[in-house]
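Asks:
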Amino acid sequence: MTQPSSGHKAGAFDIRIFISMLIGLYGVVLVATGLVGTSDDELARADGVNINLWAGLGMIVFAACFLAWARLRPVVVPDDEQRSEGDETP
Amino acid sequence: MILAADAQLRLDANWIDYLLIAFYFAFVIGIGILARRSVSSSLDFFLSGRSLPAWVTGLAFVSANLGAVEIIGMSANGANYGIPTVHYFWVGAVPAMLFLGVVMMPFYYGSKVRSVPEFMNRRFGSAAHLVNAISFAVAQLLIAGINLYLLASIVEVLLGWPLWVSLVVAAAIVLTYTALGGLSAAIYNEVLQFFVIVAALLPLTLVGLNKVGGWDGLKEKVAGSPGGGEQLSSWPGTALSGFDNPVLSVIGIVFGLGFVLSFGYWTTNFVEVQRAMATNSMSAAQRSPIIGAFPKMFVPFIVIIPGMIAAVTVNELVQFKEDGSGGATYNDSILYLMRDLLPNGMLGVAIAGLLASFMAGMAANISAFNTVFSYDLWQTYLVKDKEDSYYTAVGRVAAVAATLIAIGTATFAASYSNVMTYLQTLFGFFNAPLFATFILGMFWKRMTAAAGWSGLVAGTAAAVGVWVLSEDVLGVIGIGEQGGAFVAASAAFVVDIVVSVVVSLATEPKPEHELEGLVYSRSERTRRHEEVSRLPWHQQPTRLAGVALALVVLLNILFW
Chain A
30 MTQPSSGHKA
40 GAFDIRIFIS
50 MLIGLYGVVL
60 VATGLVGTSD
70 DELARADGVN
80 INLWAGLGMI
90 VFAACFLAWA
100 RLRPVVVPDD
110 EQRSEGDETP
Chain B
3 MILAADAQLR
13 LDANWIDYLL
23 IAFYFAFVIG
33 IGILARRSVS
43 SSLDFFLSGR
53 SLPAWVTGLA
63 FVSANLGAVE
73 IIGMSANGAN
83 YGIPTVHYFW
93 VGAVPAMLFL
103 GVVMMPFYYG
113 SKVRSVPEFM
123 NRRFGSAAHL
133 VNAISFAVAQ
143 LLIAGINLYL
153 LASIVEVLLG
163 WPLWVSLVVA
173 AAIVLTYTAL
183 GGLSAAIYNE
193 VLQFFVIVAA
203 LLPLTLVGLN
213 KVGGWDGLKE
223 KVAGSPGGGE
233 QLSSWPGTAL
243 SGFDNPVLSV
253 IGIVFGLGFV
263 LSFGYWTTNF
273 VEVQRAMATN
283 SMSAAQRSPI
293 IGAFPKMFVP
303 FIVIIPGMIA
313 AVTVNELVQF
323 KEDGSGGATY
333 NDSILYLMRD
343 LLPNGMLGVA
353 IAGLLASFMA
363 GMAANISAFN
373 TVFSYDLWQT
383 YLVKDKEDSY
393 YTAVGRVAAV
403 AATLIAIGTA
413 TFAASYSNVM
423 TYLQTLFGFF
433 NAPLFATFIL
443 GMFWKRMTAA
453 AGWSGLVAGT
463 AAAVGVWVLS
473 EDVLGVIGIG
483 EQGGAFVAAS
493 AAFVVDIVVS
503 VVVSLATEPK
513 PEHELEGLVY
523 SRSERTRRHE
533 EVSRLPWHQQ
543 PTRLAGVALA
553 LVVLLNILFW
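Spelled out as structure tokens, the structure:
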């Protein structure tokens, strides 16, 4: 709800974009860490599972799905606020 | 590993972890600033202009409750009691959320009230309203302080900052986004927090399960631990309820925890209800708690199971469970598990998730306090008939004041943490009589104003009375811990109903035309029913609730 023009998309302020940006960013950093920065000692603690790599990949996939959802079904801010509720002033 | 009694639990966070935590805070503040641009009236600020989609408010609904007490407390219960802890979710929260959506939300949303106390005012008049509004406002300030204290003490443990620095920094961040963007900022951040919490706890759970040899390995280890095999089946849960008799234990869990405590909490607590009120239609308002019920029923898997894994793998906890020695407590289960399993990188995400969860709880307290203070106390009793922008300003000042007071109560909590636990238990007692008064008032139009406030007072007094007699304080009656709270809440419920009925029969009821939309027999059910039945099934509250109920029954059977 940035501008009260008619039937516009919510644009940048769609929380799904924020969620996919943050989780996607986490995913990229984790994958990078998993590939170059995770020590053998850390791997051994988790029985050899490269947590950073796998969790990072999972987060990237999740972020991509969320972004796709936001793109396919954008939030449309209706211009007729009175649609069903009528006057809301207290 | 040898630990001295005062050994500090520390996580070895490095720059990658700090970077990931910093990303999270940048997003939180960014959302607060962007949400501010859309605040143009007090309704925007306090109820998000009633414009949010149901999945957003549904997730916020879960997140507002997924605070420090939930994550730390339920994983500690998982470590201590095992599987029976799921009752808090599958017998407690989920049925109550469905009931709120299907039965109670039409009254809240349909009567256009802006808060739960305002509904009390319309239905029962100002005596009940004042009791409710003041006790709620005071409780929120104290609980915000508890949340803030837990948040700061985790920061102290994790990062080694002094407690007061953690307190001020955490409070400043929560204040920045709630005071700027009002409820929208709080809700959007709660949704973001939900995903960060899941991103933190889900990998931890999976890696932990892998480490103990999968679900079967965990079962084997728990059965071999001091808790034994009974920690693997949810019923009768005698250790959890504190009743030795299995029949009493089941009754205590179903009626005390399930019906009275959880219904009381979820259906009358404005912190929760406020989230559903911020939606754009009646159907969306009803669907928020119902949509929230779906993720809620799976929260135990990422909270209780890590607790159970910690109890059988973390050296300090294994020792503590064996003979009670060592400096560990169940409250630190998740932290120990993070320390043992997570590499730098994922550790940062996990810390961000914990910080997110603690801030969610506090932000929810502050934003609900704002609304009740501004609308129900300031506007109703102190300064009436000012222009709308005035009350938005009052709300912002109230947020600042509430945060400062919360820092004060957090300092208090730091020196008297037991007292604060007691206080929180006590405030829980307000919910059970409130639920009794609401449910009777909604379905019995004969119930009078005098019955409204006298039932509340008598019910709360009964709860406090039982609690004082229980093992927690005097020990006259032999119940304590969780069982004591179940009995106290049940007593409050019964006493409230009895007093309300007796007082109602002796006093004059409100004239019927004043009850429009407030009681069941005077609500517009038929017209709404026709509108709703044209929607697809997943937008019909009752059908959606039916699906959720079937799922939660299935979960209950699977973990019997």
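Protein chains in written order, with our numbering: chain A, 30 to 119; chain B, 3 to 562. Ideal placement from N, C-alpha and C gives every residue a C-beta, glycine not left out.
Can you check the stretch 347 to 403 of chain B for any alpha helix (DSSP H) of at least 4 residues that lies completely inside it and give the ranges in chain order?
Replies: 348 to 373
Asks: Between A:Asp43, A:Gly63 and A:Ile52, which lies nearest to alanine 92 (chain A) when the distance is taken from Cα to Cα?
Replies: A:Ile52
Asks: Give me whichever residues DSSP pairs with leucine 54 (chain B) in a beta bridge.
Replies: B:Thr281
Asks: What whole-angstrom Cβ distance do glutamate 318 (chain B) and tyrosine 338 (chain B) have, given they're in contact under 8 Å?
Replies: 6 Å
Asks: Taking leucine 344 (chain B) as the query, report the chain A residues whose CB atoms sit under 7 Å from its CB, ordered along the chain.
Replies: Ile80
Asks: Is there a C-beta anywhere in chain C that falls below 7 Å from the one on isoleucine 35 (chain B)?
Replies: No chain C appears in this structure, whose protein chains are A and B.
Asks: Drop a sphere of 10 angstroms on the beta-carbon of valine 176 (chain B), count the other beta-carbons inside from all chains shown, and report buried for 16 or more, exposed for fewer.
Replies: buried
Asks: Do isoleucine 409 (chain B) and alanine 173 (chain B) have their C-beta atoms within less than 7 Å of each other?
Replies: yes
Asks: Return the residue from the list B:Ile255, B:Thr439 and B:Arg116 that minimises the CA-CA distance to valine 275 (chain B).
Replies: B:Arg116
Asks: Could you check whether the Cβ of alanine 84 (chain A) sits closer than 7 Å to any Cβ belonging to chain B?
Replies: Judged by the 7 Å Cβ criterion, alanine 84 (chain A) is in contact with chain B.
Asks: Would you mind giving the Cβ-Cβ distance between aspartate 19 (chain B) and leucine 343 (chain B), rounded to the nearest angstrom? I have them listed as a contact below 8 Å.
Replies: Actually they do not touch by this definition, with Cβ atoms about 14 Å apart.
Asks: Tell me the residue span of the alpha helix (DSSP H) that contains serine 456 (chain B).
Replies: Residues 451 to 471.
Asks: Which value, in whole angstroms, describes the spacing of the CA atoms of threonine 367 (chain B) and serine 391 (chain B)?
Replies: One detail in the question is off: residue 367 (chain B) reads as asparagine in this sequence, not threonine. Cα to Cα, the separation comes out at about 23 Å.
Asks: With a cut-off of 7 Å, does the C-beta of isoleucine 44 (chain A) fall near any C-beta of chain B?
Replies: yes
Asks: Using a beta-carbon distance below 7 Å, is valine 176 (chain B) in contact with chain A?
Replies: no
Asks: Is there at least one Cβ from chain B nearer than 7 Å to alanine 75 (chain A)'s Cβ?
Replies: yes
Asks: Taking 7 Å as the CB-CB cut-off, is arginine 102 (chain A) touching chain B?
Replies: no
Asks: If the criterion is Cβ atoms closer than 7 Å, does the pair proline 511 (chain B) and threonine 462 (chain B) meet it?
Replies: no
Asks: Kindly say whether glycine 347 (chain B), judged by its beta-carbon, lies nearer than 7 Å to any beta-carbon of chain A.
Replies: Closer than 7 Å: yes.
Asks: Between the alpha carbons of alanine 78 (chain B) and threonine 87 (chain B), how many angstroms are there, rounded?
Replies: 10 Å
Asks: Report the CB separation of isoleucine 156 (chain B) from leucine 356 (chain B) in whole angstroms; it is logged as a contact under 8 Å.
Replies: 6 Å
Asks: Kindly indicate if chain B contains any beta-carbon less than 7 Å away from that of leucine 64 (chain A).
Replies: no
Asks: Would you kindly work out how many angstroms separate the C-alpha atoms of phenylalanine 296 (chain B) and glycine 60 (chain B), rounded to a whole number?
Replies: Rounded to whole angstroms, phenylalanine 296 (chain B) to glycine 60 (chain B) spans 9 Å at the Cα level.
Asks: Is proline 511 (chain B) close to chain A? Criterion is C-beta to C-beta, closer than 7 Å.
Replies: no
Asks: Taking only the alpha-carbon atoms, compute the straight-line gap between phenylalanine 371 (chain B) and leucine 143 (chain B) and give it to the nearest angstrom.
Replies: 7 Å
Asks: Between arginine 341 (chain B) and the rest of its own chain, which residues show a CB-CB distance below 6 Å, the 5 nearest in sequence each way excluded?
Replies: Leu13
Asks: Return yes when the Cβ of proline 345 (chain B) is within less than 7 Å of the Cβ of proline 67 (chain A), no when it is not.
Replies: According to the sequence displayed, residue 67 (chain A) carries threonine and not proline. Cβ atoms of threonine 67 (chain A) and proline 345 (chain B): closer than 7 Å.
Asks: Considering only their Cβ atoms, is the gap separating isoleucine 148 (chain B) from alanine 358 (chain B) smaller than 7 Å?
Replies: no
Asks: Isoleucine 18 (chain B) touches chain A at which residues, Cβ-Cβ below 8 Å?
Replies: Chain A residues near isoleucine 18 (chain B): Val58, Thr62 and Gly66.
Asks: Between isoleucine 89 (chain A) and chain B, is the shortest Cβ-Cβ distance under 7 Å, so that the two count as touching?
Replies: Proximity of isoleucine 89 (chain A) to chain B, defined by a Cβ-Cβ separation below 7 Å, is not satisfied.
Asks: Determine whether the beta carbon atoms of asparagine 558 (chain B) and tryptophan 92 (chain B) lie at a separation below 7 Å.
Replies: yes
Asks: Taking 7 Å as the threshold (beta carbon to beta carbon), is leucine 54 (chain A) in contact with chain B?
Replies: Yes - at least one Cβ of chain B is within 7 Å of the one on leucine 54 (chain A).
Asks: Leaving out five residues on either side along the sequence, give the residues of the same chain with a beta carbon under 7 Å from the beta carbon of asparagine 333 (chain B).
Replies: Ile74 and Ala78
Asks: Using DSSP with H/G/I as helix, E/B as strand and the rest coil, what is isoleucine 293 (chain B)?
Replies: helix
Asks: Please report the straight-line C-alpha distance between glutamate 518 (chain B) and isoleucine 407 (chain B), rounded to a whole angstrom.
Replies: 39 Å
Asks: Checking 7 Å against the spacing of the C-beta atoms, do glycine 548 (chain B) and serine 502 (chain B) come in under that value?
Replies: At least 7 Å separates the beta-carbon of glycine 548 (chain B) from that of serine 502 (chain B).
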